[in-house]
Each structure stands twice: as C-alpha cells, then as structure tokens.
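From first to last, the protein sequence lines stand for chains A and B. My numbering applies: residue 16 is where the first sequence begins, and numbers increase by one. My numbering applies: residue -17 is where the second sequence begins, and numbers increase by one.
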Amino acid sequence: MARAVELARPEPRRPVRSAPPAVLLLLPAGLFLVVFFLVPYVNMVRMSFLTKAQGAAFANVVTLENYLRIFGDTFYWRVIGRTFWLAGLTTVLTLVLGYPLAYAVARASGPRRPLLLMLLLAPLLVGAVVRSYGWMILLGRVGLINQVLRALGRGEAELMYNILGVLIGLVHVYLPFMVLAVAGALEQIPPDVELAARSLGASPWRTFWRVTWPLSLPGVFSGAMLVFVLALSAYVIPILLGGNNVLVMPMLIVQMLLDAFNWPFGSAMAMVLFGLACVVLWAYVKAMNRALRWIPR
Amino acid sequence: MASIQLEGVTKRFGPVVAIHRLTLHVQEGELLTLLGPSGCGKTTTLRLVAGFLIPEEGRIHFGTLDVTHLPPEHRNVGIVFQNYALFPHMTVAQNVAFGLEVRGLPNAEVRSRVGEILERVQLRGLEHRYPHQLSGGQQQRVALARALVINPQVLLLDEPLANLDAKLREEMRFYIRHLQREFGITTLYVTHDQAEAMVLADRIALLRDGILQQVAPPEEIYRRPQSRWVADFVGLCNFLPGRVLGREDGFLLVDTPIGVVRCSGTADAGRVLVCVRPESLRPDAGGTNRIVGVVRERTFLGNLLDLQVACPGGVVLRVQLTPTQDARPGEPLHLEFRPQDAWVVPEDG
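See the structure below:
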C-alpha cells in the first residue's frame, strides 16, 4: 500500500539545479591570488637566499648571508621589537578607545545608528597619506596645538617625529576596524541574556564583565587581529609622522629595496617580519580558540 | 516568597499605551497565567514585574515591599524567557551557579545547591555541557533550574514552552505545574496558548490591548465569560443575539432567532448575546432548549465530529459531537442544550 502511494507520486520533471561546485566558485579569486600574491612571494623567498649584485636585482649565488646579518645585528632586533611593540600598543589603544564606541553603535537605535556608523567610517574615505598630512598640520612644531600652547605661554610639545605621533596616526586609522568588529559581536548578544543576568542579581557592571564582555570576545579577537596585522605592516604613517626617528620594519624594507637597491637583503627582512608575524598569530589563534571553546563548531 | 500586587499600573511606549491602569493580584503560592493575543501587553506586564521596565503610573508590590522603582537585581525574581536566554559561554553548572555566585555564597554551598537543583530537574550528568549541546527541552529545564536555584520571591515565565515541539510542550505543561506546586512559589505565567493556560493556571487573567478583561479560575473563564470577547477568545462559542424576556425557575428567558431559550446569567433586561459552546449542543433527548437544523458541513476531528448546522432564523450553529453520534450533510438534526450551559453576556464588547 505504502509503496503504491510512493509510485503514484509524480516524478519531478527536472532536478533542481544545484550551485556550481566549490572549486569553480574559488577559481577567479584563487587565480588572482596565485598570479599576484603567491608567485611574487615565492619569488621573494627565493631572492632572500641569493646574493646582491651590481647592475642587476640579484646574482644567482645561494647564501644564508642575508639572514645571518639580520639575526646577528642587534640593530635589526631593535627595529623588529619596535615594530611589534608599536603594533601591539596600537591594538590595545584601539580596543580601549573603540570598545565604548562599539557599544554605543551596537545599542543605538533609530536614526542615530546610521549617523554613528557614517561618522565612524568617514575617515576611511580619506587615504592614509592625506590623513597623515592632516595630523602634521595639527601636531607639527608650528602646528595648531603648539601654536595654542605657545599662545598660552606653555612652551612647546614634541608631538611628532616620535613614537607618540606614530601612535596617534595608527590608532586613528585603525580604530574603525576595531569598532566594526566589536560592534558586530555586541549586536549578536540577545538582550534577554543580559536581562537574565540582572534578574539573577548581577549589577549592570557585573553583568557587563560576566556576560557582555565574554560574549563580545569573538569580535574583540578578530578586531585585534586585524588591527595588529595592519599596524605591523604600516608604512605611510610611520614615515610621515615618525620621520626617521621611529624606524619600523616596513620602512627599513622599502629603504633596502628602493634606496639601497639590495633586493635579496630586503626580501630576507620581509620574510623575517612575515615569519615572526605568523608565529605571533599562530599563538594568538590558539589562545583565542581556548577562550572561545563555548562557541558551537 | 511573596504575593505580587499591581495597582493601577500604566506603561506607555511613546504615544502607545501598552498597559492601561492594570490592577492585578497574584496570591502567595498561586500560579496565575496572563493570557491574551500577541501585542496585548502581557510580556510588558511581566517585564514591569521583573523590573526591566518602570511604569509611568501605579505601584508594584511584592508582599508589603514596594518594588516599583527597584532595579531587577534587587528584586529576587526568577525568570524563564521564551528563548531561555541561557549564557552561551557557560556550562550548565555555571549557568545555574551564576545567581548564587553573584550573591557571594561560599563555593561549597554553591556546588551543593546546584547539584541539588539539577537533580530535581533531572539534568544530572549534563553539568559540563554548553547550552548549544543540549536539546530544547533540556535547555528549558536549565532555564528553570537557574531561575529556581536562587529561591526567588516570585517566578516569572514568558511563553516558556513556545519553542518546544507539540508533544514535549504537552508534557512540560504538567511538569512545570508539578514543579511550581512542589516549590509553592508565586508564579506569573505569560502565554497566548489558552490550552496551556487552562492546564496550568490556578487563575487566568485575560488581557486585551493592555486592559484587563477578566480574572478567574479556568473553569469560570470558560463557563462564565464576562464578555463576548472573552467567550470568543477562550474556546469556540456560538453567539445568539436576543432580548431578555424575564426570569423563570432561576433561569433567564431570552428571545432569539431560534426561538425563546432558557439560559443562565446575570442580565435582567435588554439586548444580550447567548453563548453556547459547540460541545454543549447534543442530540435531542427531550430536554429544555430544543432546535432542529440541517447539517451543512461535517468534519471528522478524530476525537470529535465537527458540524455546521443551519437553524431557523438564518442561524448557523457550530456543533461538536462525539464520533459515536454521526450525522451526514443534508440530514436534519435534532439538538438540545441545557439552560446551565447557555450563558448570557452583554451585547456590546
């Protein structure tokens, strides 16, 4: 009986067309990355083991000299240390400044929300170079802030061509990335969960630390990772707001490639930066996964 | 434990009045369900009691304590939300322990009380699971355990069964009732499901557009509705428009399109509606209110036979018989109903 019913059911005329296989979907972007990212990178790895040459990019003589020079000279270690320290500090500052802002964005309703988002994203419409020049007008020796200080008879402050200037620039540029990531996570938290905590006796402050903050960690972690990586590879801001007083790896690499025309050594420096970044990120992701065990996978 | 008293409570959202001068008392140990269609203000009422909202007018008391402006964390209220609102980053044990930890109880006591309550809701062995690793029914029990473990003054339940499948929902009704009796806790239970309200409630409060319609035990709500709206909202009902002629032998005589019928009620004169439930109509056995009609529609519902019967005066009655009493479309049907099963409500409203 059941089978008869089964047979009587009309066959679908045409099977529903399924989406194209994943490989096909990955192809365009994959091809682009292979040609413009992977191939140059492999080439750089190769170059970093070759020797400097006169009148050519490199000579085909294999050597470890470039790496030995980096690891053997404390000057490079100090630059590497400064680069990571600056990126880390930028990350922490964007988090401290960005979290309250992200909270406001996530909890804003009605017309305030798009307004806040626009204010947040507006700086991104202006390139890093223009923004850095903007900061120079404000922070420079004859800049606005120092003019005011002088007029008040308070002397003069060193706001630029030092770590402070670079930090101000970096935090400003990367703040929106942190805010967007954190706001996204905060929006995912159902409001009832916080209310439940309140009803169970937790004060608003305690509710934040025991419920809201841990539940926003996915956003904090991804925002921090994004800002850290971006700050680590920043070039324009350190060079414009730090001058030659705040030497970081990307500046050194560009100098090596363009000014000294030492491509093998520049490549080796890039590889060291890349390798160390990978190690840091690997440790970071491991720690992150431990902290986010509760997320369904 | 304490009673809940709302006195003339009004809550507005901008120009919208969500709750209008609501006065409602939930007795100590009682389970009162707030029943009404969506948007009637029942969840708003619950949130006012929980302290998530502050009323513009009126007072809310727990026993003798005025809690109108007390923040939620100081009200000692247990809440179960429709979506359970479990803490996704905490295990079952951590979820349940939360309320005890913020009260600063010593670890040993927290552990023993969590173990005890998990035992009572039959969740032993699942302590270290995260909420997403539990079934809907288990999450529901965690939510109950988390709300009850703090020994709350009152328990608030906001459509706690709405997200469960039909079978489990049926079981959980009895389970929640059992648990509430066992703890003897004053409970406000919000639902739009009248069957749920019937099974669970000591008393039902019916809410419509933020205005209280009737508060009474389930049987009274069903048998003695105060208005057409109440009779219509709870169960099925036939309404016969009519005019009160007078009283005879303790019953009202009402002139309706199907003739003069005897019924119960408090009205003395004027235009009224006679409410007759479909299951109150039964095959004519020579009783009081007798009608002849013709079967128009017949629907088999398994435990019931649902009929639409065309009667004199253009009245179509909905009739529900047990399936042993069959009737076919087109056939005449002799029916009757008892005076005590016909209830008079005012014509308006």
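Beta carbons: idealized from backbone N, C-alpha and C, even for Gly.
- Shown here for L256/A: same chain residues with a beta carbon closer than 8 angstroms to its own, the five before and five after excluded, namely S147, W150, M151, L154, M175, Y176, G180, V181, I183 and G184 in chain order.
- In summary, H316/B is exposed, with fewer than 16 beta-carbon neighbours lying within 10 Å of its beta-carbon over all protein chains present.
- The beta carbon of N65/B sits closer than 8 angstroms to those of N145, all from its chain and outside the five residues before and after it, given in chain order.
- Q69/A sits exposed, since fewer than 16 C-beta atoms from the chains shown fall within 10 Å of its C-beta.
- The beta carbons of V242/A and F289/A sit about 18 angstroms from each other, so the pair does not count as a contact at 8 angstroms.
- In this structure, the beta-carbon distance from L201/A to A306/A does not fall below 9 angstroms.
- Positions of the alpha helix (DSSP H) runs, each at least 4 residues long and wholly inside the segment 231 to 294 of chain A, are given as 251 to 257 and 264 to 269 in order along the chain.
- Out of T168/B, V242/B, H71/B and D308/B, the CA that lies nearest to the CA of V254/B is found in V242/B.
- A direct Cα-Cα distance of roughly 47 angstroms separates I203/B from P229/A.
- For N133/B, there is no enclosing beta strand (DSSP E), as DSSP marks it with neither H nor E.
- Shown here, T78/A sits in coil according to DSSP, grouped into three states, outside any helix or strand.
- For V291/B, the three-state secondary structure derived from DSSP is strand.
- A(-16)/B and Q9/B have their C-alpha atoms roughly 8 angstroms apart.
- Annotation: the continuous alpha helix (DSSP H) that includes R155/B extends over A148 to F165.
- Here K301/A is exposed, its C-beta having fewer than 16 other C-beta atoms within 10 Å.
- Between I178/A and V261/A, the gap from beta carbon to beta carbon is short of 9 angstroms.
- Sequence-distant partners of V(-1)/B (beyond 5 residues in either direction) whose C-beta falls short of 8 angstroms from its own C-beta, in its chain, are T(-8), K(-7) and G192.
- In the DSSP assignment, L210/A falls within the unbroken alpha helix (DSSP H) covering P206 to S214.
- Measuring C-alpha to C-alpha distances from L87/B to each of R106/B, Q104/B, V131/B and E101/B identifies V131/B as the nearest.
- Per the DSSP secondary-structure output, E39/B pairs in a beta bridge with T(-8)/B.
- With respect to the 9 angstroms criterion, Q122/B and S246/B are not classified as neighbours on the basis of their beta carbons.
- V92/B sits away from V124/B, with the two beta carbons spaced by 9 angstroms or more.
- Judged by DSSP secondary structure, Q196/B falls within the beta strand (DSSP E) whose first and last residues are I193 to A198.
- Within the same chain, G295 and V297 come within 6 angstroms of P239/B by CB-CB distance, once the 5 residues on both sides are set aside.
- Between V235/A and Y114/A, the CB-CB gap stays under 9 angstroms.
- Secondary structure of I310/A (DSSP, three-state): coil.
- Buried is the label assigned to T168/B, since at least 16 other Cβ atoms lie within 10 Å of its Cβ.
- In summary, N58/B is buried, with 16 or more beta-carbon neighbours lying within 10 Å of its beta-carbon over all protein chains present.
- Contact between I204/A and S248/A does not hold, since the beta-carbon distance rounds to 32 angstroms and is not under 8 angstroms.
- Here A127/B is not near D207/A, since their CB atoms are 9 angstroms or more apart.
- In the displayed model, A217/A falls within coil according to three-state DSSP, outside both helix and strand.
- Here T73/B carries a coil assignment [DSSP, helix/strand/coil].
- Look at D323/B here: in three-state DSSP terms it is helix.
- With a threshold of 9 angstroms between beta carbons, P265/A makes no contact with chain B.
- Judged by their CB atoms, L218/B and V256/B are not nearer to each other than the 9 angstroms cut-off.
- Burial check for G18/B: the Cβ neighbour count within 10 Å reaches 16 or more, so the residue is buried.
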